[in-house]
Amino acid sequence: MELSTFFQQLTNALSLGSLYALIAIGYTMVYGILRLINFAHGDVFMLGAYFAFYAVTALAMPWWVAFVVALALTAAFGMGLERVAYRPLRDSPKISVMISAIGASFLIENVGIVLFGGRPKSFPSIPLFDTVVHFGSVSMLSVSLFIPVITAVVLGALLWIVHGTKTGLAMRAVSTDLDAARLMAIDVNKTISLTFGIGSLLAGVGGIMWTMKYPQLNPLMGVMPGLKCFIAAVIGGIGNIQGAVLGGFLLGMIEIMIVAFLPELTGYRDAFAFVLLIVVLLVKPAGLLGKNQTVKV
Amino acid sequence: MLRIENLSVHYGGIHALQGASFEVPEGKIVTLIGANGAGKSTSLKAIVGLVKPSSGSITLNGESLVNLATKDIVRRGVVLAPEGRRIFPNLTTEENLELGAFARSDKAGVQADKHKMFQLFPRLEERRKQKAGTMSGGEQQMLAVARALMSRPKLLMMDEPSLGLAPLIVKMIFDIVRTIAAEGTTILLVEQNAKAALEIADYGYVLETGRITMSGPGKELLANDGVRKAYLGEGL
Ligand SMILES: Nc1ncnc2c1ncn2[C@@H]1O[C@H](COP(=O)(O)OP(=O)(O)OP(=O)(O)O)[C@@H](O)[C@H]1O
Ligand SMILES: [Mg+2]
């Protein structure tokens, strides 16, 4: 393989890994705070992309306004989802909440098919992201460069919120011990809601950038990335933000490398995520960066 | 200050509190003693809104606490250092203290109080950047008390602060309870260590299977034969 192809694939891997990392964080944050796997998270990712699509097309907003509006809507949707599908079941058995999550996922997908139509839509080209840039013999879409940079900025902001602010301290307290957090006068509902908001916002960022890179939208586009990013979060150690980032990048890298170096296995690229999951769980049951403790789900 | 009347709490089919009444006057140390499962922790949890009473009233200076959320009860100065300490093990000592002061917005005052806690518990200062879960049981209990004090409580409730601690640390914790009370904080203390509790209490209540069966000034209960037999482990 030529060096230029290698670099080409490396940028691809980096941007795919970034997208996976952004989505995986939402799974991990929600799990960390509620011990709940938000099966509808991939659908929130899909909604982020559609919100941006309609804001640009139907509402004819400039793309950057459209993106801000779409992100706000995605975050609000995530918070609404928690309110409607999870909060009423806060004291119910885990299995009820899980069923509610799966139900919410199917509901969003099917309402999506009704409202958006089952036929894929293509995102109009945005020149800033659609330009081909050349580095010597390596050429790529500008969006592939933007994605890792934007991801890095978003991750930095997230880590600052979680570790550098009072709100973040509240989030960490709530995720450790709900009642003890209440005794600290923390507004537990608000904190949980905010966690969903942030996780959904990141999924929205992921969804929008995903459509910049792969400009086809369909109501089921969140299913596979959602599943893989859940796997990424588990591989990294669910509940651990850095772990989700690591898992996301790992999965993105491996997926692209398979396509690049073992083209005959390309058909198995999705299956590979599961193989990796099984291997990691066999070797380190709590995930790469997870604490070794058994949690019953 | 705090008045509990006819308080009943059910956990599913278990009737944990069956019409208990007691009160905590401002500026006093009041203790609640009783055997395992008598309903002591349940009483404190009900006061601070972690469990909902099925009937009865809880009033703080005349205002009902029954339908308030825990955070709002804590913001009114009613603070619980819970059974089993419940510190945040994955957070540092300092972060735990900051959480204690979560409802406060006077940064300078919080900072000053943190230093005050470090004077009160020098051990905690040495461990300010240490994860609280890696500290010894005694240190964790000191942290639990310090964390509760960080909110500047008007009424501090402590659930078995001496459990599992060496006699020297127990003495230290009780000394601090006395100091806090002398500084004007009202105390409601739940203890298995009935002798130590009654010794420092102005007033005591005996709780038996969800009901108050005896009450009186701490010294009187200490001298009471029934209490001596049942709770001080003295000759039957
Ligand atoms: N969450 C719960 N679910 C069901 N029953 C409970 C629950 N919490 C307490 N109980 C029951 O309520 C009764 C009172 O419990 P509580 O914890 O108030 O006792 P306690 O006086 O604090 O005892 P100890 O000295 O052992 O701490 C007990 O019979 C206990 O089994
Ligand atoms: Mg108890």
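In the order they appear, the protein sequences are chains A and B. Once you know that position 113 of the first sequence is 1599 in this note's numbering, the rest is easy, because the numbers rise by one and skip nothing. Once you know that position 165 of the second sequence is 175 in this note's numbering, the rest is easy, because the numbers rise by one and skip nothing. Even glycine gets a Cβ: it sits at the ideal position worked out from N, Cα and C. As the structure is a computational prediction, the values presented were derived from the model and not from experiment.
Just jot down, in chain order, the residues whose CB lies closer than 7 Å to any heavy atom of ligand 2. B/Lys50, B/Ser51, B/Glu93, B/Asp169, B/Glu170 and B/Val200
Check whether chain A comes within 8 Å of B/Glu108, counting only Cβ atoms and requiring the distance to be less than that. yes
Measure the Cβ-Cβ separation of B/Leu198 and B/Leu42 and say whether it is below 8 Å. yes
What does B/Val58 touch in chain A if you count any residue whose Cβ is under 8 Å from its own? Leu1669
Cut-off 8 Å between Cβ atoms - residues of its own chain near A/Leu1645, not counting five sequence neighbours on either side: Ile1727
What would DSSP say about A/Lys1607, mapped onto helix, strand or coil? strand
State yes or no: is the C-beta of A/Leu1688 within less than 8 Å of the C-beta of A/Ile1511? yes
Report the rounded CA-to-CA distance for A/Lys1782 versus A/Ile1581, giving the unit in angstroms. Here the model assigns A/Lys1782 a pLDDT of 40, short of 50, so the residue's position is not dependable, and the following value carries that caveat. Their Cα atoms are separated by approximately 11 Å.
Taking CB distances under 8 Å as the criterion, tell me whether A/Asp1577 reaches chain B. no
Please confirm if A/Ile1684 has its CB atom under 8 Å from at least one CB of chain B. no
Taking the beta carbon of A/Gly1642 as the centre, do at least 16 other beta carbons fall within 10 Å, making it buried, or is it exposed? exposed
Taking the straight line between their C-alpha atoms, what separation do you get for A/Val1640 and B/Glu33? 53 Å
Contained alpha helix (DSSP H) runs [length at least 4] in the region 134-164 of chain B, N- to C-terminal order: 147-159
Return the residues of the region 121-137 of chain B that lie within a Cβ-Cβ distance of less than 8 Å from chain D, sorted by chain order. In summary, chain D is missing from the structure at hand, where the protein chains are A and B.
Contact set between A/Ile1727 and chain B, taken where Cβ atoms lie within less than 7 Å: None at all; the shortest Cβ gap to chain B is about 13 Å.
Does the separation of the CB atoms of A/Asp1529 and A/Ile1636 fall below 8 Å? no
In whole angstroms, what separates the C-alpha of B/Val120 from that of B/Ser161? 9 Å
Output yes or no for whether 8 Å exceeds the beta carbon distance between B/Val89 and B/Pro163. yes
Is B/Ile197 helix, strand or coil when you go by DSSP? strand
Bounding residues of the beta strand (DSSP E) (the contiguous stretch that carries B/Asn16): Leu12 to Tyr21
Does any residue of chain A bring its CB to less than 8 Å from the CB of B/Pro92? yes
Contact between the region 215-227 of chain B and the region 16-30 of chain B: three or more CB pairs below 8 Å? yes
Got a sec: is the Cβ-Cβ distance from A/Ala1730 to anything in chain B below 8 Å? no
Alpha carbon of A/Leu1664 to alpha carbon of A/Ala1656, nearest angstrom: 10 Å
Just checking B/Gln121 against ligand 1 - is the residue's beta carbon closer than 7 Å to any of the ligand's heavy atoms? no
What number of angstroms, rounded off, separates the C-alpha of B/Asn234 from the C-alpha of B/Gly214? 12 Å
What first and last residue would you give for the beta strand (DSSP E) that runs through B/Gln129? It is not in any beta strand (DSSP E) - B/Gln129 instead sits in the alpha helix (DSSP H) that spans Lys117 to Leu130.
Could you tell me which chain A residues have their CB closer than 7 Å to the CB of B/Thr80, listed as they occur along the chain? Arg1668 and Leu1669
Under the assumption that B/Val200 contacts B/Ile183 (Cβ atoms under 8 Å), give the Cβ distance between them as a whole number of angstroms. So it is not a contact: roughly 13 Å between Cβ atoms.
Given the structure, does B/Ala26 come close to ligand 1, in the sense that its CB is under 7 Å from one of the ligand's heavy atoms? yes
Reduced DSSP secondary structure (H/G/I, E/B, other) of A/Ala1499: helix
Nearest by alpha-carbon distance to A/Val1720: which of A/Gln1702, A/Pro1634, A/Phe1615 and A/Lys1770 is it? A/Lys1770
Cα-Cα separation between A/Met1626 and A/Thr1491, rounded to whole angstroms: 11 Å
Taking only beta-carbon atoms, is A/Ile1519 less than 8 Å away from chain B? no
When the cut-off is 8 Å and only beta carbons count, does A/Val1781 lie next to chain B? Below a pLDDT of 50, predicted positions are generally treated as unreliable, and A/Val1781, at 43, falls in that range; no measurement from the model is reported.
Cβ-Cβ distance between B/Val216 and B/Val237 below 8 Å: yes
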